[in-house]
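Following: one structure in structure tokens, then a few remarks.
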Amino acid sequence: MGSETPGGGSLEYLSPTRQALVMAIKVLGEASTEELARETYLSPGAVRQHLLSLEAQGLVAFTRVRVGPGRPRHVFRLTPQGEALFPNQYASIAASLLAALRGEPPPTFERVIGSFTESQAASARQLLPETGPDPLSGIYQLLERFGYYPRLELSPGEAPAIRLRHCPLLQLATEVPELCDAECRVLQALVPEYTVTRTEHRLAGDPLCTYQFDPNP
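The sequence shown begins at 6 in our numbering and counts up by one.
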């Protein structure tokens, strides 16, 4: 079968243990063997064996990270093929359409991106749950609904942040990075009482995308 995942790249064709490991890496963004062992309640030895198989299938890859003295540790991330196990919202079709638009004059392409941003913001407003005084709760629920696997982080003395542990548009955003800016503008339009800043960006090499929400005076 080579390095392809059986069944055309569906998570359900992995064993339950390997599903758990893939999901743990997805949730954490990147993780060492020991972190994955704690997350999945497996022994480090069992985790290593399963990771070797997942690496052979092309679903995970590792980098060596040195922290203090001693041997560097291996930190695992999902590969693009591993990311493809999760929803992608017809990314390949949309990427082809936008690639064709790039052949048009720049104002045409910019107009399309602007129209996309406005339509996404309008649709999101209609779907945004009624959450009372905390609009970030509504943003969280909306992102969860569309498969971003968000995590709302609230730390004393720091602005709230939402980490996106999956990007349904990653393949498309790789081809058309302007969509990431559109995503940020949509979030800003939904919560004008905050200033929205992207502090981590997967396209810049970060393990996850993170948006920070600073309350406006």
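By construction, the Cβ of each residue, glycine as well, lies at the ideal position given by its N, Cα and C atoms. Source: prediction; values computed, not measured.
In this structure residue 25 does not touch residue 36 by the C-beta definition: roughly 12 Å separates them, more than the 8 Å allowed. The residue among 139, 160, 174 with its C-alpha nearest the C-alpha of residue 154 is 174. Here the alpha carbon of residue 143 sits roughly 6 Å from the alpha carbon of residue 133.
Under the rule that a run must span 4 or more residues, the alpha helix (DSSP H) segments found entirely inside the stretch 108–143 read 111–132.
Counting only runs of 3+ residues, the beta strand (DSSP E) found wholly inside the stretch 9–90 occupies 65–70, 78–83, in chain order.
Under the three-state reduction of DSSP output, residue 170 falls in the coil class, being neither helix nor strand. Contact annotation: residue 185 and residue 194 have beta-carbon atoms that are not nearer than 9 Å. In the DSSP assignment, residue 154 is bridged to no other residue. With 16 or more neighbouring CB atoms inside 10 Å of its own CB, residue 88 falls in the buried class.
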